[in-house]
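Accompanying notes for the structure given below.
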Amino acid sequence: MAVAMVPHGGFGGLSSMPSPATGLISNGAAMSLGDGVGDDILQNVYERLALLEQENKSQRLKIAELDARCTTLSAASNLAAPPFLDDATINPEIKRVQVRGAKPGYSPIVTFGRMVWLTGIVALNTDNQFVEAQTKQALEHMTVLLQKAGTDPHHLLRVNVYLSDIRTADHMYRAWNSYFESLGMVEEQRPVRITHQATLKDAGFRVEVHAEAVLPALPRLKA
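If you want it as structure tokens, here you go:
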């Protein structure tokens, strides 16, 4: 065995070393060193795999959350769709509903999808009938037209009231309140009302009503 002077343990001194013929380290030492490097590599691989698994789990949770939200939104849309997006009005068309006694070319009821417009509603009897009485008649006439269109006063959106004399508005208000009270509709349930002064088509008319409403929504089929 050859002897060489090499540092030992960091303190210097003599140390026995294998001869060049036998190599600097033994086969056992080489195996031990190789095993240590392999352990480090395997540990690094395991850590990366664990990290990837954690990231995949996080992604799966996000996908599951998005799927749940989509399911909730879909269910909500089935319960309450906007007026122009329900199944009954995918392809709306303009319809003019004829009313007996209406003048040729005049359509007191026009619908488009679920929207309903009523025009030219007046009292049927104007003899000795002043603003309050004519308003009552016009609103009752409006109810008949709403029913013919397929809806009712509870689906009114807006009512335009035209008076020949705006100073008689208080009389109209009394008939208006009485009409909706008879239907059990409180203030918050009533349509918007806009009151105008206008020259009406006949001197005997003191009140004319135009209205906008919607048709009741059809029940939606479950998917």
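The working numbering numbers the first residue of the sequence shown as 795 and each following residue consecutively. Beta carbons are placed, not taken as given, at the ideal position from N, Cα and C, and that holds for glycine.
- For Asn922, no beta strand (DSSP E) encloses it, and the DSSP letter there is neither H nor E.
- Leu1009 places its beta carbon less than 9 Å from that of Thr905.
- In this structure, the beta-carbon distance from Val1003 to Leu860 does not fall below 9 Å.
- Residues of the same chain with a CB within less than 6 Å of the CB of Arg968, apart from the 5 flanking positions on each side, are Glu926 in chain order.
- For Ile915, the CB contacts under 6 Å within the same chain, skipping 5 residues up- and downstream, are Ala932, His935, Met936 and Val1003 in chain order.
- Within the model, the alpha-carbon separation for Leu977 versus Lys942 is close to 18 Å.
- The beta carbon of Val986 sits closer than 6 Å to those of Arg952, all from its chain and outside the five residues before and after it, given in chain order.
- In this structure, Thr945 and Ala1007 form a Cβ contact; the two beta carbons are roughly 5 Å apart against a cut-off of 8 Å.
- Separation of Val839 and Leu846 (C-alpha to C-alpha, rounded to the nearest whole angstrom) is 10 Å.
- The three-state reading of DSSP puts Gly907 in coil, since its state is none of H, G, I, E or B.
- Note on geometry: alpha-carbon atoms of Leu957 and Leu867 lie some 47 Å from one another.
- In the DSSP secondary-structure assignment, Asn954 is bridged to Ile988 and His1004.
- If you draw a straight line from the Cα of Asn919 to the Cα of Gly907, it comes to about 33 Å.
- Cβ atoms of Ser901 and Val891 come within 8 Å of each other, at about 7 Å.
- Arg968: member of the alpha helix (DSSP H) spanning Ala963 to Ser976, first to last residue.
- Between the alpha carbons of Leu950 and Ile888 lies a distance of about 19 Å.
- No Cβ-Cβ contact shorter than 9 Å links Ala1005 with Asn971.
- Assignment of Thr866 by DSSP, reduced to helix, strand and coil, places it in the helix class.
- Per DSSP, reduced to three states, the secondary structure at Arg890 is strand.
- In the structure shown, Gly914 falls within a strand segment according to DSSP collapsed to helix, strand and coil.
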